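Before any comments, here is the structure.
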Amino acid sequence: MKAMVLHGLGQPLRLEEVAIPKPGPNDVLVRVRACGVGLTVVNLIRTPGRVTSYPRTPGHEVAGVVMEVGSEVKSVRAGQRVTNHYYLTCGQCRNCRSGRETLCLNLRGHVGAACNGGYAEYLVLPERNIVAIPDGVSDVDAAVASDAIATPYHACHKEARVGPGDDVLIIGAGGGVGIHMVQMARLCGGRVLAADIGDDKLALAKTWGADEVIDVRRGELAPQVKALTEGRGADAVIDVVGNRQTLEAGIQSLAVAGKMVIIGSKPRSVYGEAPSFMLNTAVFTQRGLELHSSRYVTAAEIAQTLELVRRKRIRPVVTQTFPLERVEEAHELIRNNATAGRIALVMAG
Ligand SMILES: [Zn+2]
126 MKAMVLHGLG
136 QPLRLEEVAI
146 PKPGPNDVLV
156 RVRACGVGLT
166 VVNLIRTPGR
176 VTSYPRTPGH
186 EVAGVVMEVG
196 SEVKSVRAGQ
206 RVTNHYYLTC
216 GQCRNCRSGR
226 ETLCLNLRGH
236 VGAACNGGYA
246 EYLVLPERNI
256 VAIPDGVSDV
266 DAAVASDAIA
276 TPYHACHKEA
286 RVGPGDDVLI
296 IGAGGGVGIH
306 MVQMARLCGG
316 RVLAADIGDD
326 KLALAKTWGA
336 DEVIDVRRGE
346 LAPQVKALTE
356 GRGADAVIDV
366 VGNRQTLEAG
376 IQSLAVAGKM
386 VIIGSKPRSV
396 YGEAPSFMLN
406 TAVFTQRGLE
416 LHSSRYVTAA
426 EIAQTLELVR
436 RKRIRPVVTQ
446 TFPLERVEEA
456 HELIRNNATA
466 GRIALVMAG
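Quick note, this note's numbering runs 125 ahead of the 1-based positions in the sequence shown.
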């Protein structure tokens, strides 16, 4: 089969012919139909310690068809259309058993880093990671839903706890995760203030439901947010960018009792600075602010997200697709922050 293979830290991926993997007793062999491409993959390729060994095929937002199941697999059958959860969890620890599987105490790593991923014609996934795709949801939409839409589901619903009428500031609203955060915050009843840089990203955020757009090039963020909220500030800030500048500006943009939600981090190896920011504890406590991390989603949340896509309550925003062998072009666009919405690989045939 064809696969895009990584041979060392930060190297370009190479198109190679490799053997189709064999599923173990508790595994499932999936023929890949589509695979989402985002900043997570681009960062992990350049971050020491994330890829456990080489050669490695990245890609963790997969949709495809089950070709074969291991002898012990009970819940998945050949021919089923599936997507995946991308953390390799134990399923047994207290966090796995209490609905917090992304904080698994025995985490083995991630699909596409600790085992081969979806930048290939086939991949093997543990049965536990499989999530069925409902009829009516396309392969590309399902692939993107498994991370770029599911992450907003968790962030808005469980961390920011967006409710009717809340003012929600989304920093990085025009990107692959951000554009779905805009829709999800709206779906939860929020009034969305979408911040980004670049006219195309702000236009996209407006198209997909942002009530107000804020161009961060035109002035400091917090005063613009205050001006749009009658001086109150935002009830929740969801920061998809997560650098020192955005995090500090985000906290300054919060209303009293506001919630700051951080999605992901910026590794020093890629961005050249420590992933940290200054917090004025007097302001933090006197204003009763909350600081939340949003760590991916559970498999159950992916299923719920797919159902929202099936009902067309939220629309996957895939702005460009590439064939497998051109994934480096997709990565280059993401590295240069030159994309609005999500990018996906679509397999030929
Ligand atoms: Zn666990």
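Using N, Cα and C, we set each Cβ at its ideal position, and we do this for glycine too. Being a predicted model, the structure only gives us computed values, none of them experimental.
Query: Where residue 281 sits in the DSSP three-state scheme; Result: helix
Query: Proximity test, residue 209 beta-carbon vs ligand 1 heavy atom, cut-off 7 Å; Result: no
Query: Where the alpha helix (DSSP H) through residue 452 begins and ends; Result: 452-460
Query: Proximity below 8 Å, CB of residue 264 to CB of residue 158; Result: yes
Query: Rounded C-alpha distance that separates residue 456 from residue 381; Result: 39 Å
Query: Cβ shell of residue 285 (< 6 Å), same chain only, five flanking positions each side left out; Result: 361, 363, 384 and 386
Query: Contact under 8 Å by Cβ, residue 272 with residue 163; Result: yes
Query: Beta-carbon spacing of residue 295, residue 317 below 8 Å; Result: yes
Query: Candidates 188, 196, 240 and 201: closest to residue 212 by CA position; Result: 240
Query: Residue 230: CB within 7 Å of a non-hydrogen atom of ligand 1; Result: yes
Query: Residue range of the unbroken beta strand (DSSP E) whose run includes residue 445; Result: 443-447
Query: At least three beta-carbon pairs within less than 8 Å, the stretch 367-377 to the stretch 344-352; Result: yes
Query: Residue from 140, 206 and 141 with nearest C-alpha to residue 428; Result: 206
Query: Backbone CA spacing between residue 197 and residue 174 [nearest angstrom]; Result: 32 Å
Query: Residue nearest to residue 406 in terms of C-alpha spacing, selected from 400, 399 and 416; Result: 416
Query: Own chain, CB closer than 7 Å to residue 216, minus 5 neighbours either side, in chain order; Result: 253
Query: Status (buried if at least 16 other CB within 10 Å, exposed otherwise) for residue 291; Result: buried
Query: Chain-order list of residues whose beta-carbon lies under 7 Å from that of residue 473 (same chain, five-residue window excluded); Result: 448
Query: Residues of its chain near residue 243, where Cβ-Cβ distance is below 6 Å and the 5 sequence neighbours each way are ignored; Result: 157, 160, 184 and 187
Query: Ordered list of alpha helix (DSSP H) runs contained in the stretch 346-384, each at least 4 residues; Result: 346-353 and 369-377
Query: Ligand 1 heavy atom lying under 7 Å from the CB of residue 389; Result: no
Query: Per-residue burial, residue 250 [other beta carbons within 10 Å of its own, 16 or more giving buried]; Result: buried
Query: Residue 227 CB to nearest heavy atom of ligand 1 below 7 Å; Result: no
Query: Whole-Å CB distance - residue 394 paired with residue 171, under 8 Å assumed; Result: 6 Å
Query: Cβ-Cβ distance between residue 469 and residue 443 below 8 Å; Result: yes
Query: Supposed contact pair residue 256 and residue 305 - C-beta distance, whole angstroms, cut 8 Å; Result: Going by Cβ atoms, the distance from residue 305 to residue 256 rounds to 17 Å, so no, they are not a contact pair.
Query: Cβ-heavy atom distance, residue 220 to ligand 1, below 7 Å; Result: yes
Query: DSSP state of residue 209 mapped onto helix, strand, coil; Result: strand
Query: DSSP-derived helix/strand/coil call for residue 431; Result: helix
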